[in-house]
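Undergrad: In our numbering, the protein residues as written are 1 to 297.
This is the structure we're talking about:
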């Protein structure tokens, strides 16, 4: 079936000790390209995360981020720069003894200095049981997020498929018009050739059967029946691919290349202004379809 490669999903799992949030963003890409942001605490689970994504997605650039919020634990710790305070106090005392400055250094004066305090994330004590619980929560959150993402991609794929089907029907109609116009053009060419040959050979002794065979042979160079048969087969194959449960984006892209090649061949063999205009219109629709297919998984 047709699924989009674009989507977004988020899922959360909570316990008494922590909350894990998983966000996934996906856009189109030729292959499956994963960019993971996982906290160091859960680094050992990266292989499982990649395997989970690979089981559900076959193409696309996927950005997956994991965030952990711990409960009942201060999130930061503050360290006072004691050496800076001692050095400043000593310098101030020296300056005061020389009469350069007056007053004393207060805590407020120190706190206004950027280097006085260092604020950093507080490390959390984690034992094996806690890590195992976090990994279990992570796997559940990822599974839920991937399910949401798959649903979103399926919904967008449904809209893509509707648009592609309209264009496929339009292209099919245009090519059938080309076939009718090309056949009429071939018959007209055969008639013109016969008339011209008759003019040139009216006073000559010539084998009428051989002349007729040569006229048919020349006119047959513009016959597009084989190209039309292949093009119709491509249209039928499109339907089977679009209805298949397997990812079909690459196959549809290749099929569009083949359809475009057949239209080019038809355009080079067939004759007439109407055929040329129809070929241009068909190629324009095929190009629009190919742009859409770039976002199909």
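Heads up, the beta-carbon is just placed ideally off N, CA and C, and yes, glycines get one too.
Pair every Cβ in the stretch 138 to 158 with every Cβ in the stretch 222 to 237, then say whether three or more of these pairs are closer than 8 Å.
TA: no
Undergrad: Is the beta carbon of residue 235 closer than 9 Å to that of residue 252?
TA: Not in contact: residue 252 and residue 235 (Cβ atoms no closer than 9 Å).
Undergrad: Between which two residues does the alpha helix (DSSP H) harbouring residue 244 extend?
TA: Residue 244 -> no alpha helix (DSSP H), and no H or E assigned at all.
Undergrad: Can you tell me whether DSSP reads residue 57 as helix, strand or coil?
TA: coil
Undergrad: Quick check: the stretch 84 to 95 against the stretch 20 to 39, are there 3 or more CB pairs under 8 Å?
TA: no
Undergrad: Under a three-way DSSP split, which group does residue 257 fall into?
TA: helix
Undergrad: Rounded to the nearest angstrom, what separates residue 287 and residue 163 at their Cα positions?
TA: Cα to Cα, residue 287 sits roughly 13 Å from residue 163.
Undergrad: Do residue 296 and residue 282 count as a contact pair if the criterion is CB distance below 9 Å?
TA: no
Undergrad: By the DSSP assignment, the alpha helix (DSSP H) with residue 83 in it spans what residues?
TA: The continuous alpha helix (DSSP H) containing residue 83 extends over residues 82 to 97.
Undergrad: What are the boundary residues of the alpha helix (DSSP H) that includes residue 282?
TA: 273 to 293
Undergrad: Mapping DSSP to helix, strand and coil, what is residue 138?
TA: Three-state DSSP puts residue 138 in a helix.
Undergrad: Would residue 81 pass as a contact of residue 116 if the rule is Cβ separation under 9 Å?
TA: yes
Undergrad: DSSP state of residue 28, grouped into three classes?
TA: coil
Undergrad: Using beta-carbon positions only, say whether residue 322 and residue 44 come within less than 9 Å of one another.
TA: Absent from the structure is residue 322, since the part of the chain shown begins at 1 and ends at 297.
Undergrad: Tell me the residue span of the beta strand (DSSP E) that contains residue 16.
TA: Per DSSP, residue 16 belongs to no beta strand (DSSP E) and is neither H nor E.
Undergrad: Hey, residue 20 and residue 12: beta-carbon distance below 9 Å or not?
TA: yes
Undergrad: Report the three-state DSSP secondary structure of residue 312 (helix, strand or coil).
TA: Nothing can be reported for residue 312: it is not among the residues displayed for the chain, which extend from 1 to 297.
Undergrad: Sort out for me which residues DSSP pairs residue 67 with in a bridge.
TA: In DSSP, residue 67 forms a bridge with 21.
Undergrad: For residue 67, is the classification buried or exposed, using 16 other Cβ atoms within 10 angstroms of its Cβ as the cut-off for buried?
TA: exposed
Undergrad: Can you tell me which of the three DSSP states residue 11 falls into?
TA: strand
Undergrad: On a Cα-Cα basis, can you pick out the residue from 6, 70, 275 that is closest to residue 184?
TA: 275
Undergrad: Does DSSP put residue 170 in a helix, in a strand, or in coil?
TA: helix
Undergrad: Am I right that residue 270 and residue 145 are in contact with their C-beta atoms under 8 Å? What's the rounded C-beta distance?
TA: Not confirmed; about 53 Å, so no contact.
Undergrad: Whole angstroms is fine: what's the gap from residue 237's alpha carbon to residue 157's?
TA: 18 Å
Undergrad: Which of the three DSSP states, helix, strand or coil, is assigned to residue 49?
TA: helix
Undergrad: Would you mind working out which of 18, 143, 1, 133 sits nearest residue 51, comparing C-alpha positions?
TA: 143
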